[in-house]
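For reference, the structure is listed below as structure tokens.
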Amino acid sequence: SSSTPSTPKSTTLPPETLTSTTSPPSTTTIGTGSPTPISTTSSTSSPTPTHTTTTPTPGTSLACAVACSCPVVALKDCPYGLPGQNQCIVIPLSLLLHSYYVRSASLSTLPVSTTTSGTTPTQSFTTTSGTTSSSFSTINATTTISTTIKTLPPVPTTTSGPTATSTAVTTTGSDSWMLCNCTKVICIEDNIVQVIPIICNPPPKPTCANGLSPVPVMDEDGCCWHWECDCYCTGWGDPHYMTFDGLYYSYQGNCTYVLVEEINKKVDNFGVYIDNYHCDARDVVSCPRTLIVRHETQEVRLTTAQPNTLQVEVTVNNQLVALPYKKFGVSIYESGINRVVEIPELKMNVTYNGLSFSIRMPYSLFGNNTQGQCGTCNNNTADDCMLPNGNIAENCETMADHWQVVDPSKPQCSPGLVPTGSPSTTPTQPCKESSICELLLGSVFKPCHAFVQPEKYYAACVFDSCVLPNLDLECSSLQIYAATCADQGACIDWRKHTNGVCSHECPSGKEYRACGPIKEMTCKSRGQNETSTKQVEGCFCPNGTMLYDSGVDVCVKTCGCVGVDMIPREFGEKFTVDCQDCICLEGEHGIVCEPHVCEQKKVTCDGEGFYEVTEVNPKDSCCPLFTCKCNTSLCTAKAPKCSLGFEVHSYIPSGQCCPVYQCVPKGVCVHENAEFLPNSSVFVDKCQNCVCTNDVNVSTQLNIISCERVPCNTNCQPGYELKPVKGECCGKCVQTKCIIHTADNSELILSPGDFKNDPHNNCTIYSCVDVHDQLIASTSEITCPAFNEDSCKPGTISFLPNGCCRTCAPLDSSTPCSVRHRKDFIVYDGCRSVDRVDLTECEGTCGTFSLYSAEANSMDHSCSCCRETSTTEKHVVLKCPGGHAVSHKYIYVESCSCQDTECQRPQSNELQNNRENEKASTLNRIKRGISLTSK
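Residue numbers for the sequence shown follow the UniProt record's numbering, beginning at 1 and rising by one.
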């Protein structure tokens, strides 16, 4: 001992009861220093107790040792003692306390033999809850250890704080450890130990802030227990939360949030998270979709397979797993309608069923060390709305917004930003709650009201029935309340009172029970004692059957055997597995197997493409089949390349491997390296409509293309002619003549450049002009010079050749040559002036005579004409048929006078008349060109 040595003290023991036993000698080696043999013997001499202690050789420092004495205990209760007949053999301290506490010891290099003889005293200890007997047995032994045992009176437990715990008396500065049967040993000094039995007094039962019953928890010494308020958080509906300390609130965020994490990180990568989503079309409320549990290297996701159902998929590290699952300290299994994630090391579990979740954590490990939407687990609701920075929010709805986490699948969620606020959890319009909610306050759940108050669950039910009346979410409030009641020991069969609204359908072969076991008994577990008395609702095997195994979801009437194939077998059933012929026998051996025997048959493979192969026998997988397999890649014949309209067809003759190829028609038409299906159009040219028919050309074996000429219009209206169009099948009616409607509505057709008088009015002239490949029909009026019949010789009045203007032989009195003015339109190149223009011309008579000349012996002629002597150039704007305007210049006569001209010889009357007519015609044309009046 490290304490200052002192004189050994003796302890007076109560009256003893003697026992007489004999034990064969045994040797135990201490694992410190050199091996030291220890010989122990046991004998009884007399009923008077004798206790002898031998002091070891001076200079040798020994460790404390104690005798383990217990009445007929199992080896597991006294791991380092050797229980015998109502006694335990003395074991050296260093071996006895191998896994508890070993004080350093310096043993003598040479063994020192000490003989201890005596009788075994038995001492009883009394507790407040009853009497427990505990005896010490001292057996004759040869050892190097000297120990004085002091037995102290029983030490009662004490309580302090909100939870009651036991505390054993420990001497300051000394070392202590626990022995069997809740006996504490304190090493004082100089090989003196105190043996103290621990007496447990029932601790006072505390009141939990969450309204649930406290749970008894064993102390670390494993002897006494105390009460604790478990950390129990639930969530359900759309969604509603009950924090660890029982604070109720609703929150409709649609991101991923922290439900619980440690404030001071003690567990590596630990936390529980929830993924919410908007579960109605209005994005007003949200529902839980995925519950995420992280622990060290694993991430478990419990995901609702279909919205608002109890179908849940389980993945671990993004890999779908089957239940039950147990790996790396995480256990996942089904319990009724729930999927349970259990972490035994942390004594916690998380349940989820698609509509609700619960998280249970021990206060001893997580008290005052949780944060998130489930609040702080400390039996005090005042700080349940704690923010990540440690401040307390006014309400938990505000707090819940701040516990967002990064979720790549939800880019709209940004942790760290100022929350925009959650929708109001109070319906905007009053509504009549569902009658199902009334069940919470009525007689159906009355047996639970003493354990769990229903008011908060009723408020959540009313909210769900008003906001989402068509989703039956109010069932989740009844379900989570019933689950909490079952957890407190009050099981309620409530679904049958909902008129089918909240019914739960079970798969074929199972039946619904509101109060079933948390872990259903299986063929493998039926011999085990299930300590839990709690119940859960779910689908269970019918009475008279049993679940074969938690991983084999089959209800069986008899368990029989199960082989490596994990298939249940009846007793006496024969089967083959792993190429062993087995039989299921009732008894110790269970399944007995022997090697499967096969009949070998060889085959010979002949023919091109065949080769021998060994394949699995579908009737007997253990005995392979030797068959001839065909491999066409070994064939020499290659498929031919068929021409257009044909395809390769192959067939394998019976009994052969290699195919025979031939080109067969596809039943299509072919035109210009393209294939056409029957009844489809085929383009040959623009002038034909062609279609692929079902008829086959016998010589080509291709389908025939049937064509018809494209129908063309060959009739053109008057004035139009059918002209061929390059690149087109049909000609086009092109206007080649002008079509003029006369005053009497008759139709007149003129070619370009033609003029024609109106049949009823010679002063109206129709013309057709081609202007830039556009035919323009014009109607002109001839403006005749002023005609005065009084100035004509009687009988000489006649019409000019144009048939419009009159002329006559003038009287002798002549009109002198002068300028004559008139108003008329100017027309040029199809364009015409907008208004009449002032035009001038020379008109009048000039002197003309013939005189005989004697010198010349001929007639001298003197001729003069009335001609312009001065002119000017003027401008006028002409409007054209296309709508555009052009500027036009014309000559304006300023003055006229008689001017000499060459006199021509008289010609024959006929020639003269022709010339006069020609002049008149020319004059008329000039006049028409100058003065055309369009009608």
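For glycine and all other residues, C-beta sits at the position ideal for the given N, C-alpha and C. Fair warning: this is a prediction, and the values are worked out from it, not measured in the lab.
Closest option to Tyr241, judged by alpha-carbon separation, among Glu672, Pro216, Pro517, Ser286: Ser286. Within the DSSP bridge table, the entry for Arg709 names Gln688 as partners. With a 10 Å radius around the Cβ and a threshold of 16 neighbouring Cβ atoms, Leu320 comes out exposed. Around Ile436, the same chain offers Cys461, Ser465, Glu474, Cys475, Leu478, Thr498, Val501, Cys502 as residues with beta carbons nearer than 8 Å, after the five sequence neighbours per side are excluded. In this structure, the CA atom of Val819 is about 57 Å from the CA atom of Gly731.
Of the candidates Gly844, Leu439, Thr840, Thr840 places its Cα closest to the Cα of Lys874. For Ala482, the uninterrupted alpha helix (DSSP H) run begins and ends at 474 to 487, by DSSP.
Burial check for Arg806: the Cβ neighbour count within 10 Å stays below 16, so the residue is exposed. If the five residues before and after Leu625 are omitted, its C-beta is found closer than 6 Å to the C-beta atoms of Glu615, Asn617, all from its own chain and listed in chain order.
If you look at Leu625, you'll find it in the beta strand (DSSP E) that goes 625 to 630. Collapsing the DSSP output to three states places Asp835 in coil. In this structure, Ser870 and Ser895 form a Cβ contact; the two beta carbons are roughly 5 Å apart against a cut-off of 8 Å. Ser356 sits buried, since 16 or more C-beta atoms from the chains shown fall within 10 Å of its C-beta. Residue burial annotation: Ala483 is buried, with at least 16 other C-beta atoms found within 10 angstroms of its C-beta. In the structure shown, the three-state DSSP call for Lys266 is coil. By the neighbour-count definition (other C-beta atoms within 10 Å, threshold 16), Gly795 is an exposed residue. Counting other Cβ atoms within 10 Å of its Cβ, His884 stays below 16 and is therefore classed as exposed. For Asp401, the enclosing alpha helix (DSSP H) begins and ends at 396 to 401.
CA-to-CA, the gap between Leu677 and Glu608 works out to about 38 Å. For Glu873, the three-state secondary structure derived from DSSP is strand.
By the neighbour-count criterion, in which 16 or more other beta carbons inside 10 Å mark a residue as buried, Cys817 falls on the buried side.
Three or more Cβ pairs closer than 8 Å define a contact, and the region 675 to 690 meets that threshold against the region 704 to 719. In the DSSP assignment, Pro202 falls outside any beta strand (DSSP E), carrying neither H nor E. Bridge pairing for His741: Glu747 [DSSP]. Shown here, Lys723 sits in a strand according to DSSP, grouped into three states. A Cβ-Cβ separation of about 6 Å places Gly211 in contact with Val452 under the 8 Å criterion. With a cutoff of 7 Å on beta-carbon distance, Arg289 and Thr304 are scored as near each other. By a beta-carbon distance limit of 8 Å, Tyr273 contacts Thr256. Their separation comes to about 6 Å. With 16 or more other Cβ atoms from the protein chains shown falling within 10 Å of its own Cβ, Asn703 counts as buried.
Boundaries of the beta strand (DSSP E) harbouring Pro595: 591 to 595, taken from the DSSP string. Relative to Ile343, the option among Val552, Tyr352, Val330 whose CA is nearest is Val330. Three or more beta-carbon pairs separated by less than 8 Å link the region 364 to 373 to the region 212 to 232, which places the two stretches in contact. Of the residues assessed, Phe683 falls on the exposed side of the cut-off, its CB having fewer than 16 other CB atoms within 10 angstroms. Take Gln311, set aside five residues on each side of it, and the residues of its chain with a beta-carbon closer than 8 Å to its own are Thr304, Ala305, Gly354, in chain order. In this structure Ser335 touches Val536 by the C-beta definition: roughly 5 Å separates them, less than 8 Å. Beta-bridge partners assigned by DSSP to Gln662: His649.
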